[in-house]
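J.: Heads up: the sequence lines are chains A and B, in that order. For the numbering used here, add 887 to where a residue sits in the first sequence, where the first one is 1. For the numbering used here, add 887 to where a residue sits in the second sequence, where the first one is 1. Glycine included, C-beta positions come from ideal geometry on N, C-alpha and C. Sharing a structure below in structure tokens format, with a few things to ask.
Number of protein chains: 2
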Amino acid sequence: MPTQSRRERARAERHELILRTARELAESIGWGAVTTRRLADAIDYSQPVLYGHFENMNAIADAVAIQGIEELIAVLRVARTTAPNPAAGLSALAKAYLEYASNHPAVYEAIFVRPTDLEFASADSPLLLKTAFAEFQAAIEPFAAGDDPETLTEVLWSALHGQATLAHARRLRPDQRDGRVELLVARLSGKNSPPSAK
Amino acid sequence: MPTQSRRERARAERHELILRTARELAESIGWGAVTTRRLADAIDYSQPVLYGHFENMNAIADAVAIQGIEELIAVLRVARTTAPNPAAGLSALAKAYLEYASNHPAVYEAIFVRPTDLEFASADSPLLLKTAFAEFQAAIEPFAAGDDPETLTEVLWSALHGQATLAHARRLRPDQRDGRVELLVARLSGKNSPPSAK
DNA sequence: CCAGAAATCTAGCAGCGCTAGATTTCCTAG
DNA sequence: CTAGGAAATCTAGCGCTGCTAGATTTCTGG
């Protein structure tokens, strides 16, 4: 192992340390309070070190977002493919999505809420977004009936995104999280209101 | 008219000037760029004058949000009550909501996106939120069937909110805005996929 | 062991929200 | 009509932000 390699390894480790710390900080104090000074302090280096790894503060949040969307894709895929049938798959995927958003609000914010240049910036991020989108589409497509599957997918994703963000902003009744997603899935998949009461 | 009154009138005018200017600035350059210095410059006063009218910058955005939600409520009510039947009313309300969000993105952001203390802060703002919520509920309630109307309302509102925010972030196909809302409304109201194709 | 390269830090800039204290403007009483 | 005091307004500045140039330290290869 040449010296060069050890340096590179140390550098890569610190790169991960920055990301991990940024993520932890964001989850505990919110992105708005994750400043270069605080982050540098937390990793025990001076601010300029951060700029040796990332172009700016925004790029750090973007990198956390990319890690997050990879996790999210995996979670969605497991939820969907583990289910015994399409209806259960759709329901599991929807619940898994909201659960991820609820358990990792700062990461979710980094991915989908924060004003991001991530759209067309990094070369691989649009691909990841497309992959995530494909998970939604695979889950809802069996219920497309005569409608355009892509449009239906956008409707599903938007509906879940809305529930995630409004729930996080405490604008929806917390105890009804499951009720909302179940009702949404039921109506979107066409299996509508139960025969009569209950 | 005693002197006191003229002063008060001038003060009220400037109050409105601040709000109007803040709103215009936000719509043209985004809330992130609406700073106390820029806003003060735009109204041709120094920064401290702003603090004679509002507690802080956030309170200005909150005030814009309150103006906005009043507008939005009126828009929703007209859309809903003008329609000839419940189905048309729901559709009109949904489209009006998305249109308002699209036409006044900064105001929409002030109301529903910006991290706000508006929840329990101002005395009248929760009432306004409840009133807006009631509009949604009135529109969707006829289609509740056996389901809880409040939950269904939360589902509707969340779904529209998601479409509004993701569309603004350019993460949904712009040309499919109407298609999405129509599909959403159709599925939520139980009038599902057309008999066969097309 | 030592020169040069690489890594890291110190110190600083401009802009942010916000405010204390100086200054100006205005109203009123004599 | 003017003097004085209250009200309105501004200047200047604090501590924070993201970010960077240049000094300094650390490490590496000859």
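Can you check whether the C-beta of B:His1048 is within less than 9 Å of a C-beta belonging to chain A?
T.: Cβ-Cβ to chain A under 9 Å: yes for B:His1048.
J.: Can you tell me which of the three DSSP states A:Pro1036 falls into?
T.: Helix, per DSSP.
J.: So what's B:Val921 in DSSP terms, helix, strand or just coil?
T.: If DSSP states are grouped into helix, strand and coil, B:Val921 belongs with coil.
J.: Quick check on the DSSP output: the alpha helix (DSSP H) that includes A:Asn945 runs from which residue to which?
T.: Where A:Asn945 is concerned, the enclosing alpha helix (DSSP H) stretches over Met944 to Thr969.
J.: Hey, could you find the ends of the alpha helix (DSSP H) B:Leu1067 is sitting in?
T.: Looking at the sequence shown, residue 1067 of chain B is not Leu but Arg. Segment Arg1064 to Leu1075, the alpha helix (DSSP H) holding B:Arg1067.
J.: When you compare each of B:Asp928, B:His902, B:Arg1060 and B:Thr1040 to A:Leu1039 by their alpha carbons, which one comes out closest?
T.: Residue B:Arg1060 is the option with its Cα nearest to A:Leu1039.
J.: Let's test the definition: count the other Cβ atoms within 10 Å of the Cβ of A:Pro992 and tell me whether it reaches 16, buried, or not, exposed.
T.: The residue in question, A:Pro992, is buried, as its Cβ has 16 or more Cβ neighbours within 10 Å.
J.: Considering only the beta carbon of each residue, do A:Val1042 and B:Arg1074 sit closer than 9 Å?
T.: Their beta carbons are under 9 Å apart, which means A:Val1042 touches B:Arg1074 by this criterion.
J.: Could you tell me whether the Cβ of B:Leu1053 comes closer than 9 Å to any Cβ of chain A?
T.: Closer than 9 Å to some Cβ of chain A, the Cβ of B:Leu1053 qualifies, so yes.
J.: Please classify B:Ile916 as buried or exposed, where buried requires at least 16 neighbouring CB atoms within 10 angstroms.
T.: Exposed, since its Cβ has fewer than 16 Cβ neighbours within 10 Å.
J.: Does the distance from the C-beta atom of B:Lys982 to that of B:Val1068 stay below 9 Å?
T.: In contact: B:Lys982 and B:Val1068 (Cβ atoms closer than 9 Å).
J.: For the region 1017-1029 of chain A against the region 965-981 of chain B, do three or more pairs of beta-carbon atoms, one drawn from each stretch, fall closer than 8 Å, so that the two count as touching?
T.: No contact exists between the region 1017-1029 of chain A and the region 965-981 of chain B.
J.: Within 10 angstroms of its Cβ, does B:Ala1008 collect 16 or more other Cβ (buried), or is it exposed?
T.: Bear in mind that the predicted position of B:Ala1008 carries a pLDDT of just 47, short of 50, making it unreliable; the figure below should be weighed with that in mind. Counting Cβ neighbours within 10 Å, B:Ala1008 comes out exposed, since fewer than 16 surround it.
J.: Tell me whether B:Ala897 is buried or exposed, calling it buried when 16 or more other Cβ atoms sit within 10 Å of its Cβ.
T.: So B:Ala897 counts as exposed.
J.: Residues in the region 1061-1076 of chain A with C-beta within 7 Å of chain B's C-beta atoms, listed in sequence order?
T.: The residues in question are Gln1063, Gly1066, Arg1067, Leu1070, Leu1071, Arg1074 and Leu1075.
J.: Taking the alpha-carbon of B:Leu963 as reference, which of B:Ala1025, B:Gly1066, B:Ala1056 and B:Gly1033 has the nearest alpha-carbon?
T.: When each option's Cα is compared against that of B:Leu963, the closest is B:Ala1025.
J.: Rounded to the nearest angstrom, what separates B:Thr1018 and B:Ala1056 at their Cα positions?
T.: Rounded to whole angstroms, B:Thr1018 to B:Ala1056 spans 27 Å at the Cα level.
J.: Using C-beta distances below 6 Å, list every residue in its chain close to B:Leu980, excluding the 5 sequence neighbours before and after it, in chain order.
T.: Contacts found: Leu963, Ala966, Arg967 and Ala1026.
J.: By a C-beta neighbour count over all protein chains shown, 10 Å radius and 16 as the cutoff for buried, is A:Ala961 buried or exposed?
T.: When all chains shown are included, A:Ala961 counts as exposed.
J.: State buried or exposed for A:Glu900, treating a residue as buried only when at least 16 other CB atoms are found within 10 Å of its CB.
T.: Exposed, since its Cβ has fewer than 16 Cβ neighbours within 10 Å.
J.: Are B:Ala946 and B:Ala997 close, meaning C-beta to C-beta below 9 Å?
T.: Contact: no.
J.: Contact check, B:Val994 vs B:Arg910 under 8 Å by CB: the rounded distance?
T.: At roughly 7 Å, the Cβ-Cβ gap stays under 8 Å, so B:Val994 and B:Arg910 are in contact.
J.: Are B:Leu1071 and A:Ala1046 closer than 9 Å when you measure CB to CB?
T.: Their beta carbons are under 9 Å apart, which means B:Leu1071 touches A:Ala1046 by this criterion.
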